[in-house]
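What follows is a set of notes on a single structure, which appears directly below.
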Amino acid sequence: IFSDEINYRVADFIKQTKKVRKIISNNNEVKKIVEKIKSSESGIIFLGWGNYDNSFYEELIKFSQNSNFPIFTDGTSDLRFTSSDHKNIIVNHSAILQSLRLSPDLILQFGNAPTSKIALEFLNKTKADKFVLNKFGDLKDSSKRKAKVVNVEPSEFLKIAKLNDLNSTKRKSFI
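Residue numbering for the sequence shown follows the numbering used here, starting at 1 and increasing by one per position.
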């Protein structure tokens, strides 16, 4: 009986996961996401744990600066321990998410899902379009929130985005 219950739970989880995510894996779709970024009024980048090198972090900071999207670094992210004092790197985002009424229209997630309960609640409640960007096309989110999973090497995504004029002057900074 116990093994049957596990099988049913696994089957239910697989059904829910299939409903939740849409995997995007070609360059045309990546370009569509870049167009969404360009037309976005406000956005946030969530950076969880990932096996990234310093060049990725440098590109991410440039992307953040060009797009005017703040980077909310998770407690598990190595970026929070860098010497960068870039104004768009937000280490204590839980306090911001609790104190402000943020309403971004776009959220990009690199690495694992945030570990903060407050951040996960925010992601579940927001109406923003959400994209999880990783090279394996993994959802990496136990909350099973509705997000589009983009099967792309994160540094490649940033290179494609860099080739486009993200025009952050029209985008408001809400932090």
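Ideal Cβ placement from N, Cα and C applies to all residues, glycine included.
What you are looking at is a predicted structure, and each value in this text was computed from that prediction instead of being measured.
### Query
Which term fits ASP53, buried or exposed, when burial requires 16 or more other beta carbons within 10 angstroms of its beta carbon?
Against the sequence shown, residue 53 aligns to sequence position 53. So ASP53 ends up on the exposed side.
### Task
Could you give the DSSP three-state label for ALA128: helix, strand or coil?
The residue given as residue 128 occupies position 128 in the sequence shown. Note: ALA128 maps to coil in three-state DSSP.
### Task
Please name the residue or residues paired with LEU47 in a DSSP beta bridge.
For the purposes of this step, residue 47 is identified with residue 47 of the sequence shown, where counting begins at 1. Partner(s): THR73 and PHE110.
### Query
Would you call the segment 85 to 99 and the segment 113 to 129 touching, i.e. three or more CB-CB distances under 8 Å?
yes
#### Entry: Alpha carbon of GLN65 to alpha carbon of SER40, nearest angstrom
Numbered from 1 along the sequence shown, position 65 holds the residue referred to as residue 65. Numbered from 1 along the sequence shown, position 40 holds the residue referred to as residue 40. If you take the alpha carbons of GLN65 and SER40, they lie about 15 Å apart.
### Query
Between VAL91 and the rest of its own chain, which residues show a CB-CB distance below 6 Å, the 5 nearest in sequence each way excluded?
Position 91 of the sequence shown, counted from the start, is the residue given in the question as residue 91. Excluding residues within five positions, the ones whose Cβ falls inside 6 Å are THR73 and ARG80.
### Query
Less than 8 Å separating the beta-carbons of ILE160 and LYS130?
On the sequence shown, residue 160 is found 160 positions in, with the first residue counted as 1. On the sequence shown, residue 130 is found 130 positions in, with the first residue counted as 1. Not closer than 8 Å, so no.
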